[in-house]
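Notes follow the structure.
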Amino acid sequence: MYRYFQNHFLWRSYFSKTELERLLIVSCLFSIALTTIRIVYTNNWRFAGLCWNLFLALVPYLISRYAIRRPACIESKTKFFAVFVAWLLFLPNSFYIITDLFHLEISYRIPLWFDLALIFSFAWNGILLGVVSIWQMEKMLQLHFPSMREWQFVYPLMLLNAFGVYIGRYLRYNSWDVIANPFQLTEDIFYLLIHPVRNRFDWSMILCYTVFMTLIYLAVKRMSKAVW
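Our numbering puts the first residue of the sequence shown at 1054, with every later residue one more than the last.
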């Protein structure tokens, strides 16, 4: 039996990944397992949508992973620009799952600690995927702009990222609405920009999440270099 699994393509594919990739796979499977247990135990599909959100959070990571392993995508400015734009459109999905903690509430069907662990595991996976993806993209950008400083990339990116999280959570837009519904999206964004005082609570959320996500990214990045 063990020899059979050793020869199975899923087994070989898993162990051909890097240690970080294997950890991400196990972590994502843990979240999916918790969701499955909840569905079976409660016969309620309420949190099944988190699996879709996790898939969307995976997209920017897959884009950056694909690009960083293919020199042709990095060396060609046209290809890299196309990859960067696609990546940027999907990046807010990675951190969007943090806001799914809004759905946490007491239920008589299942303990609160279970739902907390379930939602937080999805949020954590989204954060991890987002951080790794941003790090990969930062490295690729430095090849095109060697003099670029970290803050010149991270700060504007996190502001755009937080803006994307906001319009996803409160205005209910998706990444593909840039193509499917560009005029309404542009109108709503323009309204936010020209009426900052009227939309002060919206901008407060955007700025708060900008700082929060920047701190997360910088902390995780520094931790990888820390000496204990």
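Think of the CB as a built atom: it goes at the ideal place given N, C-alpha and C, for glycine as much as any other residue. Note that the structure is a prediction, hence the values are computed from the model and not measured.
Query, Result
"Runs of alpha helix (DSSP H) wholly within the segment 1067-1132 (minimum 4 residues, chain order)", "1072-1095, 1102-1121 and 1124-1128"
"Complete runs of the alpha helix (DSSP H) confined to the segment 1168-1246 [at least 4 residues]", "1203-1222 and 1230-1233"
"Where the alpha helix (DSSP H) containing S1277 begins and where it ends", "S1277 -> no alpha helix (DSSP H), and no H or E assigned at all."
"The segment 1164-1172 in contact with the segment 1189-1198 per 3-pair CB rule at 8 Å", "no"
"Among F1175, I1090, K1132 and L1157, the one whose alpha carbon lies nearest that of L1107", "F1175"
"L1224 versus I1121: straight-line alpha-carbon distance, rounded", "33 Å"
"Cut-off 8 Å between Cβ atoms - residues of its own chain near L1245, not counting five sequence neighbours on either side", "N1252, D1255 and W1256"
"Sub-8 Å separation of Y1270 and I1150 beta-carbons", "no"
"Start and end residues, alpha helix (DSSP H) containing F1148", "P1145 to Y1149"
"Pick from Y1226, W1229 and F1216 that is closest to V1264, judged by C-alpha positions", "F1216"
"Cβ-based burial, F1155 [other Cβ within 10 Å; buried from 16]", "exposed"
"Buried or exposed (CB count within 10 angstroms, at least 16 for buried), G1102", "exposed"
"Through-space distance from E1072 to D1241, alpha-carbon basis", "43 Å"
"F1221 versus N1227: straight-line alpha-carbon distance, rounded", "First, the amino acid is wrong: residue 1221 is Gly here, not Phe. Going from the Cα of G1221 to the Cα of N1227 covers about 6 Å."
"Simplified DSSP assignment, three categories, for S1257", "helix"
"Alpha carbon of F1058 to alpha carbon of R1202, nearest angstrom", "In this prediction, F1058 scores a pLDDT of 49, lower than 50, which makes its location untrustworthy; the coordinate-derived value is nonetheless stated afterwards. Distance between the alpha carbons of F1058 and R1202: 47 Å."
"Nearest neighbour of P1113, chosen from F1206, G1179 and P1209 [CA to CA]", "G1179"
"L1157 (DSSP reduced to helix, strand or coil)", "coil"
"Span separating the alpha-carbon of I1092 from that of K1130", "46 Å"
"Short Cβ contact (8 Å threshold) for L1077 with L1144", "no"
"DSSP-derived helix/strand/coil call for I1269", "helix"
"Three-state secondary structure assigned by DSSP to V1138", "helix"
"C-beta atoms of V1079 and V1184 nearer than 8 Å", "no"
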